[in-house]
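Student: Using the UniProt record's numbering, the first residue of the sequence shown is number 1, and each one after it goes up by one.
For each residue, glycine too, the CB sits at the ideal point set by N, CA and C.
Sharing a structure below in structure tokens format, with a few things to ask.
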Amino acid sequence: MERLGMARAWRRWLLVSGLAALLGGCAIGKPTPQATTYVMEPPAPARAGMPRPRTLRVGKVRVAPAFAGRELVFRLDDVRYVADFYHAFMAEPGDMIGVAMAQWLGAAGLFEAVMQPDSGTRAEDVLEATITKLYGDFRPGRAPAAVMEIQFALIDLTGVSTRVSWQRTIGRRLDLPEASPEALARGYGQALGEILGELAGDLRGAG
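Laid out in structure tokens, this is it:
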């Protein structure tokens with residue numbers, strides 16, 4: 001009942017804030033409200049053993065169109081989703097996750113070197129990623145949750161032609177203490193860390 005009440009209160013807040021923004025936008029000379037921005041910060045990884053003697057480049061991370069904007073997305077029922085302009089990522093989610101992935105994998109020590117998505121440095125492997133789910137599940141009657149799902153493919157560039165040496169979809173649904181933008185942003189960071197941890201375990205054995 002407590003979670004149901006929080007979810008209802010959050011939906012009421014979204015409606016009220018949207019109406020206030022609409023009315024405020026009609027006021028001549030009134031400053032435009034600024035969005036509160038958030039980042040995704042996965043927990044630091046445990047250092048791996050001996051790194052593979054190869055260089056990995058993280059490719060540009062793609063995002064499904066429904067979740068590609070900077071605005072946080074909330075699921076309200078089976079068919080309704082809402083994007084909240086006043087609570088947004090600090091950067092495009094694909095760019096933010098791509099940088100975080102490269103930093104995390106570099107810190108984990110799985111490869112001799114890990115390059116950022118915009119790096120022009122030659123690499124033996126490229127990790128492609130597509131985010132297929134990225135939203136806060138605030139449906140009534142359920143625990144509020146951060147939902148994230150990423151499709152991965154490891155591309156080997158060392159042969160005469162490129163080949164996919166490994167591919168998999170990894171997802172997480174993490175319960176949140178409350179249905180709020182801040183809790184959702186923290187949940188995203190934790191979810192990304194768990195997904196990368198599972199990814200790392202697979203990459204250790206990938207040929």
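Does residue 75 pass the burial test, meaning 16 or more other C-beta atoms within 10 Å, or should it be called exposed?
Tutor: Along the sequence shown, read from residue 1 onward, the residue named residue 75 stands at position 75. Looking at its Cβ environment, which holds 16 or more other Cβ atoms inside 10 Å, residue 75 is buried.
Student: Taking the straight line between their C-alpha atoms, what separation do you get for residue 52 and residue 166?
Tutor: As a position in the sequence shown, residue 52 is number 52, starting the count at 1. As a position in the sequence shown, residue 166 is number 166, starting the count at 1. Taking the straight line joining both Cα atoms gives about 15 Å.
Student: What are the start and end residues of the alpha helix (DSSP H) that includes residue 142?
Tutor: Counting from 1 along the sequence shown, the entry for residue 142 is found at position 142. Counting along the chain, residue 142 sits inside no alpha helix (DSSP H), nor does DSSP assign it H or E at all.
Student: Is residue 185 helix, strand or coil when you go by DSSP?
Tutor: Here residue 185 corresponds to residue number 185 of the sequence shown, with the count starting at 1. Three-state DSSP puts residue 185 in a helix.
Student: Can you name, in chain order, every residue of its own chain whose Cβ lies under 6 Å from the Cβ of residue 39, other than the five neighbours on each side?
Tutor: As a first step, residue 39 must be located in the sequence shown, where it is residue number 39. For residue 39, where only same-chain residues beyond five positions count, the Cβ hits under 6 Å are 90.
Student: Mind reading off the beta-carbon distance from residue 59 to residue 129? Whole number of angstroms is fine, and I expect it under 8 Å.
Tutor: Reading the sequence shown from its first residue, position 59 is the one you call residue 59. Reading the sequence shown from its first residue, position 129 is the one you call residue 129. About 7 Å; that satisfies the 8 Å criterion.
Student: State the start and end residues of the unbroken beta strand (DSSP E) segment that holds residue 110.
Tutor: Along the sequence shown, read from residue 1 onward, the residue named residue 110 stands at position 110. Where residue 110 is concerned, there is no enclosing beta strand (DSSP E), given that its DSSP letter is neither H nor E.
Student: Figure out for me which residue from 78, 65, 64, 85 has the closest Cα to the Cα of residue 72.
Tutor: Here residue 72 is taken as the residue at index 72 of the sequence shown, counted from 1. Ranked by Cα distance from residue 72, the first of 78, 65, 64, 85 is 85.
Student: Residue 122: buried (16+ other C-beta within 10 angstroms of its C-beta) or exposed?
Tutor: To locate residue 122, count along the sequence shown from 1; it is residue 122. Exposed, since its Cβ has fewer than 16 Cβ neighbours within 10 Å.
Student: Would the beta-carbon of residue 116 fall within 9 Å of that of residue 57?
Tutor: As a working note, residue 116 is residue 116 in the sequence shown. As a working note, residue 57 is residue 57 in the sequence shown. Yes, these two residues count as a Cβ contact at 9 Å.
Student: Starting from the C-beta of residue 77, find all residues in its chain whose C-beta is less than 6 Å away, skip the five residues before and the five after it, and write them out in chain order.
Tutor: Taking the first residue of the sequence shown as position 1, residue 77 is located at position 77. Within the same chain, 139 come within 6 Å of residue 77 by CB-CB distance, once the 5 residues on both sides are set aside.
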